[in-house]
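Data block below; observations after.
Residue numbers (our numbering): 1 to 156.
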């Protein structure tokens, strides 16, 4: 098993050493994402193996338009150890913002008796998708910089 490509899919332990005022209402696993590591592609682990693809797809479509939703349990079982009696789904959303919101809202939530673990899957992106994502982010940063610059001029 090649663990170097799947390490980022492993579920992290919750952080219990944060100061009380930084902790929040729920325990969280602390992880930093870069522009390149966030993705429209998600892997959904922990889906009970009772033919729930339609139900999962319906749940995910509440967040926004899905481009694909496919069961990849056998592919992932070759790369890493999976929870018994569960399936893994590769999901692709049309927009990054939608994938980000779906991940935040559904990760560590109950789904038909199983607990979902959702991780970004940037390794499933094409080079063109990565290029477009980085270009879009640089445009967003340029817009924010311009807005901040004009705000400072108005105040000064």
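For every residue, glycine included, the Cβ atom is placed at its ideal position computed from N, Cα and C.
Please read all numbers here as calculations on a predicted model, not as lab measurements.
Contact annotation, residue 40 with residue 111: C-beta distance approximately 21 Å; criterion of less than 8 Å not satisfied. Residue state for residue 115 is assigned as strand, using DSSP reduced to three classes. Residue 42 and residue 103 do touch by the CB rule: their CB atoms are close to 6 Å apart, below 8 Å.
Taking a contact as a CB-CB distance under 8 Å, the pair residue 96 and residue 59 does not count as one, their CB atoms being some 19 Å apart. Considering only 66, 19 and 109, the residue with the shortest C-alpha distance to residue 90 is 66. In the DSSP assignment, residue 86 falls outside any alpha helix (DSSP H) and lies within the beta strand (DSSP E) extending over 86-93.
Rounded to the nearest angstrom, the Cβ distance from residue 87 to residue 47 is 5 Å, consistent with a contact under 8 Å.
Residue 122 sits buried, since 16 or more C-beta atoms from the chains shown fall within 10 Å of its C-beta.
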